[in-house]
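Below: the structure, in structure tokens.
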Amino acid sequence: MRDVVVVGAGPAGLAAARAAASAGALVTLLDAADGLGGQYWRHLPAERPAGREGLLHHKWATFGELSDVLREHPAVTVLPSAQVWSLERHDGGIRLNILVGEPDGAGRQALVLEPDALVLATGAHDRTLPFPGWQLPGVYSAGAAQALAKGERVAVGRRVVVAGAGPFLLPVASSLLQTGATVVGVHEAGRIGSLARGWLNRPWELAGAAGKAGELAGYVGDLLRHRVRWRPGEAVVAAHGDGQVDAVTVARLDERWAPVAGTERRVEADAVCVSHGFTPRLELAIAAGCDLSSSRFVLVDDTQATSVRGVWAAGEITGIGGADAALAEGTVAGTAAAGGNAGTGTARAALRARSRARGFAARIEAAHGIRPGWTGWLRDDTVVCRCEETTYGRVREVVELTGSHEARSVKLTSRAGLGPCQARMCGRTLQELLDGPGARGRAAGGVEGGPAPTVDRRPFVVPVRLGELAALPATSTSRTATSRTASALPTASFPSASQPGGDRT
Amino acid sequence: MTSYRVPAASDPARPAADRPLTIVVDGEPVAGTAGQTIAGVLLGAGRREWRTTAAGGAPRGVFCGIGVCFDCLVEVNGLRDVRACLRRAQDGDVVTRQGGTR
Ligand SMILES: Cc1cc2nc3c(=O)[nH]c(=O)nc-3n(C[C@H](O)[C@H](O)[C@H](O)COP(=O)(O)OP(=O)(O)OC[C@H]3O[C@@H](n4cnc5c(N)ncnc54)[C@H](O)[C@@H]3O)c2cc1C
Ligand code: FES
Numbered sequence: 001m002r003d004v005v006v007v008g009a010g011p012a013g014l015a016a017a018r019a020a021a022s023a024g025a026l027v028t029l030l031d032a033a034d035g036l037g038g039q040y041w042r043h044l045p046a047e048r049p050a051g052r053e054g055l056l057h058h059k060w061a062t063f064g065e066l067s068d069v070l071r072e073h074p075a076v077t078v079l080p081s082a083q084v085w086s087l088e089r090h091d092g093g094i095r096l097n098i099l100v101g102e103p104d105g106a107g108r109q110a111l112v113l114e115p116d117a118l119v120l121a122t123g124a125h126d127r128t129l130p131f132p133g134w135q136l137p138g139v140y141s142a143g144a145a146q147a148l149a150k151g152e153r154v155a156v157g158r159r160v161v162v163a164g165a166g167p168f169l170l171p172v173a174s175s176l177l178q179t180g181a182t183v184v185g186v187h188e189a190g191r192i193g194s195l196a197r198g199w200l201n202r203p204w205e206l207a208g209a210a211g212k213a214g215e216l217a218g219y220v221g222d223l224l225r226h227r228v229r230w231r232p233g234e235a236v237v238a239a240h241g242d243g244q245v246d247a248v249t250v251a252r253l254d255e256r257w258a259p260v261a262g263t264e265r266r267v268e269a270d271a272v273c274v275s276h277g278f279t280p281r282l283e284l285a286i287a288a289g290c291d292l293s294s295s296r297f298v299l300v301d302d303t304q305a306t307s308v309r310g311v312w313a314a315g316e317i318t319g320i321g322g323a324d325a326a327l328a329e330g331t332v333a334g335t336a337a338a339g340g341n342a343g344t345g346t347a348r349a350a351l352r353a354r355s356r357a358r359g360f361a362a363r364i365e366a367a368h369g370i371r372p373g374w375t376g377w378l379r380d381d382t383v384v385c386r387c388e389e390t391t392y393g394r395v396r397e398v399v400e401l402t403g404s405h406e407a408r409s410v411k412l413t414s415r416a417g418l419g420p421c422q423a424r425m426c427g428r429t430l431q432e433l434l435d436g437p438g439a440r441g442r443a444a445g446g447v448e449g450g451p452a453p454t455v456d457r458r459p460f461v462v463p464v465r466l467g468e469l470a471a472l473p474a475t476s477t478s479r480t481a482t483s484r485t486a487s488a489l490p491t492a493s494f495p496s497a498s499q500p501g502g503d504r505t
Numbered sequence: 001m002t003s004y005r006v007p008a009a010s011d012p013a014r015p016a017a018d019r020p021l022t023i024v025v026d027g028e029p030v031a032g033t034a035g036q037t038i039a040g041v042l043l044g045a046g047r048r049e050w051r052t053t054a055a056g057g058a059p060r061g062v063f064c065g066i067g068v069c070f071d072c073l074v075e076v077n078g079l080r081d082v083r084a085c086l087r088r089a090q091d092g093d094v095v096t097r098q099g100g101t102r
């Protein structure tokens with residue numbers, strides 16, 4: 001029997017685990033979070049189950065069904081609170097180093113897995129371009145507002161501005177409305193012209209993705225009911241406040257996303273949520289040696305196999321396609337990783353769904369992709385690296401002084417990207433700034449099928465405490481976390497895979 | 001107050017009734033409910049900043065909300081560098097402001 005480990009329990013990982021188990025593999029599904037569902041199905045925890053969780057999600061029933069199947073399947077072990085902190089290659093195989101327990105805790109249990117096949121489904125986080133004042137408390141990534149609304153029932157503010165680019169701004173605004181917050185406006189950087197070209201040039205793809213289109217239409221309905229204005233061709237170009245946000249400046253943008261002088265207006269708000277798209281969480285794929293595409297996603301073939309033998313990838317690390325694509329890719333990847341035939345049965349249907357969802361994703365990029373004019377809203381004192389507080393002016397100064405446009409040397413001199421987030425927030429921005437506006441291809445930093453750019457390399461996925469490293473020899477190694485291994489671990493860290501109630505509407 | 005937790009009674013998602021807990025933040029009690037993260041308790045109580053940056057002495061709180069930005073670091077029961085957005089609050093947790101991350 002093949003041992004398959006799936007990292008990430010979002011839509012892609014859940015679907016992969018189920019498909020691999022159906023194809024006869026022994027499956028371990030693990031996630032750093034203490035619940036299943038990933039970003040899309042982030043929900044209230046078991047301590048505080050929601051009676052009507054389904055109200056807050058699309059496809060909540062799909063999630064209930066997937067988690068029930070996985071919980072009950074005899075060949076599946078679910079490990080929540082399991083952080084893969086590094087991945088090593090050895091004798092042609094893969095070794096995962098895992099810590100199980102409270103996030104950033106000191107006494108986590110070490111676990112090492114050496115599976116026959118690995119499915120990476122580590123997802124993405126949202127990307128926010130810097131603007132003056134974005135380091136103030138009260139400025140959030142749009143994903144944070146979403147995670148807090150869904151996972152905590154917390155509203156980040158009472159008068160909230162939502163801004164950035166992409167269809168994700170719509171569910172974020174909807175979730176905020178469901179917490180009772182006032183959404184002052186939704187400002188989309190893409191202008192009507194490019195949005196229309198992106199969304200309308202191949203209408204058959206839109207029809208194919210009817211599910212997604214319907215979901216988006218639902219959010220638009222929410223905005224209309226609450227009289228929230230959705231304003232294309234606009235951006236938040238500054239946040240203001242003494243220690244906390246109390247207002248933002250909104251400006252109109254031209255085609256290239258450069259702010260148009262004279263169009264600035266001040267909007268009072270106590271919170272602002274900004275996101276300009278998503279960045280894949282690539283560290284494990286890079287450590288495994290997987291080839292990336294020029295736009296820096298994991299390259300996969302028709303069966304979701306990566307360039308590395310024994311490693312498959314699914315979901316947002318292979319391209320931003322939304323939950324439907326992630327589910328379809330997970331099904332294909334899980335089937336193939338288990339040694340099954342991805343060209344038959346459910347996997348075959350999933351392949352068709354995947355290509356529809358991919359077309360949809362291409363449109364999103366065409367309509368909402370970042371354009372180089374955004375640097376027009378930067379000032380010399382704008383923080384670029386949030387961790388080290390390196391400003392745009394300092395980055396420019398270092399480039400002038402050293403004459404270097406190499407991300408590595410500019411980072412070392414300016415300290416940008418050297419803080420605890422390991423350049424997750426600023427790495428790509430920094431590289432785009434160094435490569436200069438308009439250098440889209442180069443700015444993406446990658447070559448099709450080439451090795452990963454250095455800004456994406458993070459051998460330690462998360463910081464590990466020295467005490468925990470010292471304790472590592474006591475580790476149990478196994479091909480998979482069989483129920484025997486799992487039961488030897490502290491049970492407190494393993495809440496049941498079962499999800500809190502909800503009427504799964 | 002800016003950020004807030006939706007009162008269970010008026011929440012359309014109908015979360016289970018609160019199971020109150022109290023954490024101590026820089027010596028002051030802050031009330032929350034079981035299952036919230038430390039960041040959730042703080043934001044739910046209207047607090048948006050709880051760290052001071054090393055270089056600029058600037059206030060920070062949550063930015064990404066999902067464990068990737070490290071802006072929300074706090075000391076919890078004597079252990080530094082805990083991401084408040086990931087760690088579930090336990091009744092009686094002692095949370096202390098961190099100056100910087102190094
Ligand atoms: C904060 C946030 C909120 C979002 N909300 C929505 C929404 O409401 N609607 C929508 O359409 N889209 C939303 N998205 C977009 C979302 O990325 C996709 O819809 C979908 O969740 C992608 O599925 P996935 O399975 O590829 O990855 P994800 O759902 O992101 O799941 C990846 C999982 O992998 C785990 N993981 C990553 N690295 C490791 C590691 N090293 N060790 C252990 N576990 C690891 C993570 O904890 C995570 O649970 C959101 C994105 C973010 C960042
Ligand atoms: S808010 Fe980003 S890590 Fe906690």
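Protein chains in written order, with full-length UniProt numbering: chain D, 1 to 505; chain C, 1 to 102.
Built from N, CA and C at the ideal position, the CB exists for glycine as well.
- Where W60 (chain D) is concerned, the enclosing alpha helix (DSSP H) starts and stops at 60-72.
- Between T375 (chain D) and the set D:E432, D:K59, D:A314, the nearest pair of CA atoms involves D:E432.
- When CB distances to chain D are screened at a threshold of 7 Å, the residues of the region 45-57 of chain C falling below it are R48, E49, T53, A55, G56, in chain order.
- Counting only the Cα atoms, T22 (chain C) lies some 8 Å from Q90 (chain C).
- Beta-bridge partners assigned by DSSP to H125 (chain D): D:T279.
- In the structure shown, the three-state DSSP call for S404 (chain D) is coil.
- Going by DSSP, G467 (chain D) is part of the alpha helix (DSSP H) stretching over 466-470.
- The Cβ atoms of V84 (chain D) and I98 (chain D) sit closer than 7 Å to each other.
- Taking 7 Å as the CB threshold, L430 (chain D) stays off the interface with chain C.
- Under a 10 Å Cβ-count criterion, V94 (chain C) is classified as exposed, with fewer than 16 other Cβ atoms of the shown protein chains found around its own Cβ.
- Judged by the Cβ position, G321 (chain D) fails to qualify as a neighbour of ligand 2 at the 6 Å threshold, every heavy atom of the ligand being at least this far.
- For G38 (chain D), the shortest C-beta to heavy atom distance toward ligand 1 is below 6 Å.
- For P232 (chain D), the secondary structure class from DSSP, reduced to helix, strand or coil, is strand.
- Contact of D71 (chain C) with chain D by beta-carbon distance below 7 Å involves R386.
- R159 (chain D) and D270 (chain D) have their C-alpha atoms spaced approximately 6 Å apart.
- Scanning its chain for C-beta atoms nearer than 7 Å, with the 5 sequence neighbours on each side dropped, one finds around E388 (chain D) the residues R415, A416, L418, G419, in chain order.
- At a C-beta separation below 8 Å, R97 (chain C) has no neighbours in chain D, since its nearest C-beta there lies roughly 13 Å away.
- Proximity of chain D to I66 (chain C) at the Cβ level (cut-off 8 Å) is accounted for by Q39, H125, G143, A144, A147, in chain order.
- Comparing C-alpha distances from S10 (chain C) to each of D:A32, D:R153, D:G143, D:Q146 shows the shortest one belongs to D:R153.
- Judged by their CB atoms, V139 (chain D) and V245 (chain D) are nearer to each other than the 7 Å cut-off.
- With a threshold of 6 Å, the Cβ atom of P29 (chain C) does not count as near ligand 1, since no heavy atom of the ligand is closer than that.
- Under a criterion of Cβ atoms nearer than 7 Å, the residues of chain D adjacent to G61 (chain C) are, in order, P137.
- In this structure, the CA atom of I320 (chain D) is about 43 Å from the CA atom of E28 (chain C).
- Each of D:L26, D:D104, D:L434, D:E65 was checked against the Cα of V455 (chain D), and the nearest Cα belongs to D:L434.
- Around the CB of R265 (chain D), fewer than 16 other CB atoms lie within 10 Å, so the residue is classed as exposed.
- D324 (chain D) sits buried, since 16 or more C-beta atoms from the chains shown fall within 10 Å of its C-beta.
- Under the three-state reduction of DSSP, Q135 (chain D) is assigned to coil, being neither helix nor strand.
- Chain order gives the chain C residues near A155 (chain D) as S3, Y4, V6, where near means a beta carbon separation below 7 Å.
- The alpha-carbon of L111 (chain D) is positioned some 7 Å away from that of V100 (chain D).
- Residues of chain D with a Cβ closer than 9 Å to the Cβ of D81 (chain C) are, in chain order, D104, P420, P463, R465.
- When rounded, the separation of the alpha-carbon atoms in S22 (chain D) and R87 (chain C) is 34 Å.
- Between the C-alpha atoms of E102 (chain D) and A33 (chain D) there is a straight-line separation of about 9 Å.
- The contact set of G40 (chain C) on chain D, defined by CB atoms closer than 9 Å, consists of L148, G151, E152, R153, V154 in chain order.
- For the region 173-188 of chain D, residues whose beta-carbon sits nearer than 7 Å to a beta-carbon of chain C comprise Q178, T179, G180.
- In this structure, L253 (chain D) keeps its C-beta atom at 7 Å or more from the C-beta atom of G277 (chain D).
- Judged by DSSP in its simplified three-state form, L36 (chain D) adopts coil rather than helix or strand.
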